[in-house]
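Following: one structure in structure tokens, then a few remarks.
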Amino acid sequence: MQADRTPTKPSVRRAYVLKMYPRFSETFIVSEILAREAAGEELVIFSLRPTTDTRFHPELARVKAPVIHVERPSSARSYWQTWQEGLQDPKIASGLQAHLGDLAELGHDDAVQAVAVARLALEHEVTHLHAHFASVATTVARAASALTAIPYSFTTHAKDIFHESVELEDLSRKVAGADHVIAISDYNHSYLHRILGPELSERIVVVRNGLELERFPYRPTIAEQPSGAAQAIPSLLAVGRLVEKKGFGHLLTALARLRDRGLPCHLDLVGTGPLEDELRELIDTLHLTELVDMHGALTQSEVREMFVSHDLLVAPFVIGTDGNADGLPTVLLEGMATGIPCVAGNVTAVPEVIIDGETGWLVDDGSDPEQITTAIAEVVRRLREAPDSVREITDAARDLVCRLHDSAAQARELSGLVDQAGRALPNAGRAAPNADQAASNTDQAAPNADRELEYVS
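Take any residue in the sequence shown, count from 1 to its spot, add 962: that is its number in the working numbering.
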């Protein structure tokens, strides 16, 4: 049943505090904003950094919220001017007196941008601040909240909680001061519960990332191929930033093994990133130049068409040497929604959507090329010999995404949480009461440290 998306009259204005907007790789944020606007919310976006991207998704044009780029002062004069402008508001002046010590602990850019965001939030009559990622955006949102008494919340994702650079004490303070904190998966919720302890975990709520399902209609081509197509060279698709945690180097090794075993497959690799030169060199070393095309960055709509024209989406996620791991990449949900069979590495929340043999194929260790090789060969075999069985899996995948990742439902959940904001929280704005306990837990917690974390409900 189609969800009711009839807009209602907005009564309050809510603000997004984002490190950089727009950002080509953060399509999930745009989808979230569009869904909330479709539900009738009035939003404003505060961007702390100018965008460095050169391409943009067309969906950006549908966002109605004004985007305000918060400047970082480039001189002592402009820095002081920002403080003076903030002090002209009695509420901010009072907040500065009460929280000057906290602000002094921040980097100078974060402190002055917090003052600027506080002033802008009051000017735009914002009633709630929401940040994405528990890093600089939440640092600024938390400080601006302290200066204005406007409640704040934030969404945690992956690098901002898993990376080795994450400071547990800082994360604990941010959770303690927030009205609520969003975890995008059961896995992330359990991970945060483990490292932060039960008291802080009471503030954490699971709200899954959503898709605008009408933009990703189900278009499976399985069992609909013309006679003879089953024997054509299989076409594989991989999409993502060219970074370690995506596991693309292991995929290339698997591709060479498939070729050597008489099952050559063609791979279209979409994305940019710091490992581009290294991956190109590996393609040459493995003599894969005839079997791999690298496309750079493509828009969602361009990738959506590739889902339909390819046989298999391969996402061999791994945990990086720095502890970084994907939370739940949007491209995987998009592929499942569209109807392409998916093979994915078993990290963090991936098993919540890729249920092995039911909604896709799960590779226990994405860093093991042999497992990737075996999984791809199995899907290709079934596509050729039992396509109806693959269609059953893609049908189930589409159903799961519709049930759990509809952006309209996501918007309702987020709005409901904000509607409750402002309730008295005993530790709001203070240091985490169990920061020491949280610190003692950090050595025990790591993505995939214990398998039970991946399957909690």
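Where is the CB? At the ideal position from N, CA and C, for every residue including glycine.
### Message
Please report the distance separating the alpha-carbon of residue 1220 from that of residue 1254.
### Response
13 Å
### Message
Starting from residue 1132, trace the beta strand (DSSP E) in both directions and tell me its first and last residue.
### Response
Element bounds for residue 1132: not the beta strand (DSSP E) but the alpha helix (DSSP H), 1130-1139.
### Task
Kindly give me the distance between the Cβ atoms of residue 1154 and residue 1145, rounded to whole angstroms, as I take these residues to be in contact under 8 Å.
6 Å
### Task
Tell me whether residue 1247 sits in a helix, a strand or coil according to DSSP, three-state version.
helix
### Task
Reducing DSSP to helix, strand and coil, say where residue 1007 ends up.
strand
### Task
Name the residue from 1317, 1268, 1350 and 1212 whose alpha carbon lies nearest to the alpha carbon of residue 1424.
Lying before the first or after the last residue shown, residue 1424 is absent from the chain, which here runs from 963 to 1419.
### Message
Whole angstroms are fine: how far does the CA of residue 1349 sit from the CA of residue 1374?
### Response
So the two alpha carbons sit approximately 38 Å from each other.
#### Entry: Range covered by the alpha helix (DSSP H) that runs through residue 1061
From DSSP, the alpha helix (DSSP H) with residue 1061 extends over 1052-1066.
### Query
How would you write the range of the alpha helix (DSSP H) that residue 1079 sits in, first residue to last?
1070-1085
### Task
Taking only the alpha-carbon atoms, compute the straight-line gap between residue 1032 and residue 1047 and give it to the nearest angstrom.
Cα to Cα, residue 1032 sits roughly 14 Å from residue 1047.
### Message
Can you tell me whether residue 1037 is helix, strand or coil according to DSSP?
### Response
coil
### Task
With DSSP collapsed to three states, give me the class of residue 1210.
helix
### Task
Note the first and the last residue of the continuous alpha helix (DSSP H) segment covering residue 1426.
With the chain covering only 963 through 1419, there is no way to say anything about residue 1426.
### Message
Tell me the DSSP secondary structure of residue 981 in three-state form.
### Response
Strand, per DSSP.
### Message
Taking the beta carbon of residue 1251 as the centre, do at least 16 other beta carbons fall within 10 Å, making it buried, or is it exposed?
### Response
Exposed: under 16 other Cβ atoms inside 10 Å.
### Query
What residue does the alpha helix (DSSP H) around residue 1368 start on, and which one ends it?
First-last for residue 1368: undefined, no H or E at that position.
### Message
In this structure, how does DSSP classify residue 1234 when only helix, strand and coil are distinguished?
### Response
coil
### Query
In angstroms, rounded to a whole number, what distance separates the CA positions of residue 1367 and residue 1294?
12 Å
### Query
Just checking my contact of residue 1260 with residue 1232 at CB under 8 Å: how many whole Å lie between their CB atoms?
5 Å
### Message
Whole angstroms are fine: how far does the CA of residue 1049 sit from the CA of residue 1148?
### Response
A direct Cα-to-Cα measurement between residue 1148 and residue 1049 gives close to 43 Å.
### Rounded Cβ spacing between residue 1138 and residue 1162 (contact assumed at less than 8 Å)
6 Å
### Task
Let me know if residue 1208 comes out buried or exposed under the rule of 16 or more other beta-carbons within 10 Å of its beta-carbon.
By the neighbour-count criterion, in which 16 or more other beta carbons inside 10 Å mark a residue as buried, residue 1208 falls on the buried side.
### Message
Quick test of the definition: if touching needs 3 or more C-beta pairs under 8 Å, does the segment 1306-1321 touch the segment 1274-1293?
### Response
yes
### Task
Rounded to whole angstroms, what's the CA-CA distance from residue 1396 to residue 1105? Just pull it up for me.
Its pLDDT being 44, under 50, residue 1396 is placed unreliably by the model, and the measurement read from it follows with that caveat. Distance between the alpha carbons of residue 1396 and residue 1105: 21 Å.
#### Entry: Minimum C-alpha distance to residue 992 - residue among 976, 1283, 1065 and 1023
Here the closest residue by C-alpha is 1023.
### Message
Bridge partners for residue 1256 per DSSP, in chain order?
### Response
1231
#### Entry: Inter-residue Cα distance where the pair is residue 997 and residue 1045
35 Å
### Among 1369, 1326 and 1223, the one whose alpha carbon lies nearest that of residue 1339
Among 1369, 1326 and 1223, the Cα nearest to that of residue 1339 is on 1223.
### Task
Leaving out five residues on either side along the sequence, give the residues of the same chain with a beta carbon under 6 Å from the beta carbon of residue 1071.
1034.
#### Entry: Own chain residues within Cβ distance below 6 Å of residue 1025, not counting five before or after
995
### Query
DSSP on residue 1107, reduced to helix/strand/coil?
In the structure shown, residue 1107 sits in a helix (DSSP, three-state: H, G or I).
### Message
Just to confirm my understanding: we take residue 1178, look at its own chain, exclude 5 residues before and 5 after, and list those with CB closer than 6 Å. What are they?
### Response
1296, 1299 and 1300
#### Entry: Cβ neighbours of residue 1151 in the same chain (closer than 7 Å, five flanking residues each side left out)
1145, 1166 and 1168
### Task
Can you give me the Cβ contacts of residue 1073 inside the same chain, cut-off strictly under 8 Å, excluding the 5 residues immediately before and after it?
1065, 1066 and 1105
### Task
Check the DSSP bridge columns for residue 1200 and list the partner residues they point to.
1231
### Task
Can you tell me the Cβ-Cβ gap for residue 975 and residue 1088, rounded? I've got them flagged as a contact below 8 Å.
5 Å
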